[in-house]
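Right, one structure below, let's go through it.
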Amino acid sequence: MYRWIVFLHVLGALGFLWHTALRRREKALDRIRAMLDLSNAALPIAYSSMALMLGAGIIAGIMGNWFSQGWIWAALVVIVVMWFGMHYYAYRYYTPIRKAVGLPYRDLGGDQPAQPPASDSEIAAVIQASNPLLLLGVSFGLVAVILWLMMFKPF
Ligand code: HEM
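Mind the numbering: the sequence shown is residues 8 to 162 in this note's numbering, read in order.
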């Protein structure tokens, strides 16, 4: 039973990571739209995998009495930091791109309807401002830290 819970946990983690890898810098307008659409379509999968990963991780943590150790708390802290970091990054860099290419977008006021696309130079500028490689690098770095915590349980 316990191994199955850990199995579901790792499965959820994989689904979540797949979403993380969906980032790349594109230049052609229709390709940018397609990428952002795909990214949006992947969100429910990302959220449910994350819920599976977290739910099964917490159940396994209780079953295995792991909450008396530090690594599991550290993993929870890193995942929360990652969660807020990703949302901040999406809000800071992807919302302006969505808006500029004429897609519906979300800001602090909630869901917003599509607006006419901005000029090519404005679109180029908001894309240039983002750094998907940095996002990918930092996310994978944090995931590597979590994986290390899971597998080595150093404290
Ligand atoms: C991206 C995030 C995460 C990834 C990629 C991940 C990955 C893994 C992997 C591969 C294992 C199997 C380790 C092994 O059998 O040696 C594992 C086990 C486990 N994980 Fe995670 N995990 C993540 C986040 C979390 C979080 C946030 C928690 C906190 C609730 C958690 C709790 C656990 C527990 C309790 C186990 C079972 C440990 C054992 O039986 O040795 N994980 N995780």
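Don't be surprised by glycine CBs; every beta carbon is placed ideally from N, CA and C.
For the pair Ala-53 and Phe-14, the CB atoms are not nearer than the 7 Å cut-off. Under the three-state reduction of DSSP, Gly-68 is assigned to helix. Met-70 and Gln-122 have their C-alpha atoms spaced approximately 51 Å apart.
Judged by the Cβ position, Ala-136 fails to qualify as a neighbour of the ligand HEM at the 6 Å threshold, every heavy atom of the ligand being at least this far.
When DSSP states are grouped into helix, strand and coil, Gly-109 belongs to the coil group. Here Gln-135 carries a helix assignment [DSSP, helix/strand/coil]. When rounded, the separation of the alpha-carbon atoms in Gln-119 and Asn-72 is 45 Å. Assigned with DSSP and collapsed to three states, Gly-117 falls in strand.
In this structure, the CA atom of Ala-35 is about 35 Å from the CA atom of Val-152. Leu-140 has its Cβ no nearer than 6 Å to any heavy atom of the ligand HEM. Taken through DSSP and simplified to helix, strand or coil, Pro-51 comes out as helix. For Trp-73, no alpha helix (DSSP H) encloses it, and the DSSP letter there is neither H nor E. Between Trp-78 and Lys-160, the C-beta gap is smaller than 7 Å, which places the two residues in contact.
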